[in-house]
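Novice: First the structure, which I've put down as structure tokens, then a few questions once you've had a look.
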Amino acid sequence: MLFTNKIIYLVKQTRPLFFDRERSGEIREKGANDFVTETDTSVQAFLRRELYALEPSVQFLGEESSDEIIDFTKDVWVLDPVDGTTNLIHDFQMSVVSLALVQNGIVTLGVIYWPYMDELFYAAKGEGAFLNGCSISVSDVSRPQDSLIMVGPSPHCKEAYADLVMGITGRIFRQCQEIRILGSAALNLAYVACGRADGFYEKILKPWDYAAGSLIVEEAGGRVVRWDKSLVSFQEDCDILADNGNMGDWLAEALK
């Protein structure tokens, strides 16, 4: 627990960087609908430096930069410094820090920090999931018509998959109670973990998008798998489906 508390402390130190509008206003486009701001690079630089000082032997995989060669049979930090960069650019305050520790291919620690609300979701393998120190669990909603489902629109690949994702979303919307799009995969996963939502799906997510959230959801009693219900891998992009344990079969069928 002492180690977990040290990581939580470090992640929370990034909060002031999210409120510096000059940093978030410095924008560079990495690819189609894929942006990076000075906030992204500053948060990553700070955490990479502090994590190295804490555990120099642990490898680092980050969205903005990483070690040249990653060996997933050894310990790896997996970081998205700002999950929801487009939200940050528009001051739509749904951006989070997502940090995971992957050991021998298994996530053993996950932290998601929402600086605007000062909400910190975290989990350590086998120890449960927490929000600001209080235990959390997934919802007990069991009927699709009673469910709130989070949708990731996959903006980085919308030219290839927009019609597919929106078609699927239309089918799910007709069967569920409501849908929401937050613009942050990690925050969507945190919402499933604490019961604010009952399911989430998004196509082609990077490991830093879902590594921390997958553990938090699972430790809260939920499930995280690929769209075809096979196991996720933290070494590659995945189509992610998360649920409270009751919505998964219905969502997987709708995603076919």
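Using our numbering, the letters of the sequence shown map in sequence onto residues 973 to 1228. Note that beta-carbon positions come from the ideal geometry of N, C-alpha and C, so glycine has one too. As the structure is a prediction and not an experimental result, all values here were calculated from the model.
1) Could you tell me which of Pro1087, Asp1215, Ala1072 sits nearest to Ala1095, measuring between CA atoms?
2) Counting only runs that start and end within the region 1151 to 1182, where is the alpha helix (DSSP H) found for 4 or more residues in a row?
3) Just the Cα atoms here: how many angstroms apart are Asn1218 and Asp1118?
4) Alpha carbon to alpha carbon, how far is Ser1114 from Gly1077? Give it in angstroms, no decimals.
5) In the DSSP assignment, what are the bridge partners of Ser1111?
6) Report yes if the CB atom of Val951 is closer than 8 Å to the CB atom of Thr1057, and no otherwise.
7) Between the region 1181 to 1196 and the region 1210 to 1225, do three or more beta carbon pairs fall short of 8 Å?
8) Out of Met1138, Phe1206, Asp1209, Asp1055, point me to the one whose CA is closest to Ala1226's CA.
9) At which residues does the beta strand (DSSP E) containing Pro1053 begin and terminate?
10) For Ile1042, I'd like the list of residues in its chain whose CB is within less than 7 Å of its CB, leaving aside the five on either flank, ordered along the chain.
11) Considering only the beta carbon of each residue, do Ser1205 and Gly1167 sit closer than 8 Å?
12) Within the same chain, show all residues whose beta-carbon is closer than 7 Å to that of Glu1190, passing over the 5 residues directly before and after it, in chain order.
13) Count the CB pairs spanning the region 1018 to 1027 and the region 1141 to 1160 that are closer than 8 Å, and state whether there are at least three.
14) For a quick check, are the C-beta atoms of Asp1052 and Ser1038 less than 8 Å apart?
15) Can Thr1013 and Pro1087 be called in contact, C-beta distance under 8 Å?
Specialist: On the basis of the coordinates in this document:
1) Along the sequence shown, read from residue 1 onward, the residue named residue 1095 stands at position 123. Ranking Pro1087, Asp1215, Ala1072 by Cα distance to Ala1095 puts Ala1072 first.
2) 1157 to 1165
3) Taking the sequence shown and counting its residues from 1, the one referred to as residue 1218 is at position 246. Taking the sequence shown and counting its residues from 1, the one referred to as residue 1118 is at position 146. Taking the straight line joining both Cα atoms gives about 12 Å.
4) Here residue 1077 refers to the residue found at position 105 of the sequence shown. Here residue 1114 refers to the residue found at position 142 of the sequence shown. Cα-Cα distance, rounded: 31 Å.
5) Translated into the one-based positions of the sequence shown, residue 1111 becomes position 139. Ser1111 pairs with nothing; no bridge assigned.
6) Absent from the model: residue 951. The displayed extent of the chain is 973 to 1228, so no value can be given.
7) yes
8) Residue 1226 sits at position 254 when you count from the first residue of the sequence shown. That would be Met1138, whose Cα lies nearest to the Cα of Ala1226.
9) For this step, residue 1053 is matched to residue 81 along the sequence shown. Per DSSP, Pro1053 belongs to the beta strand (DSSP E) from 1048 to 1055.
10) By 1-based counting over the sequence shown, the position of residue 1042 is 70. If we look at Ile1042 and ignore the five residues flanking it on each side, its Cβ neighbours are Gln1031, Leu1033, Val1048.
11) By 1-based counting over the sequence shown, the position of residue 1205 is 233. By 1-based counting over the sequence shown, the position of residue 1167 is 195. No, they are not a contact pair.
12) As a first step, residue 1190 must be located in the sequence shown, where it is residue number 218. The residues are Val1196.
13) no
14) By 1-based counting over the sequence shown, the position of residue 1052 is 80. By 1-based counting over the sequence shown, the position of residue 1038 is 66. Going by C-beta atoms, Asp1052 is not nearer than 8 Å to Ser1038.
15) Working through the sequence shown from its first residue, we reach residue 1013 at position 41. Working through the sequence shown from its first residue, we reach residue 1087 at position 115. Not closer than 8 Å, so no.
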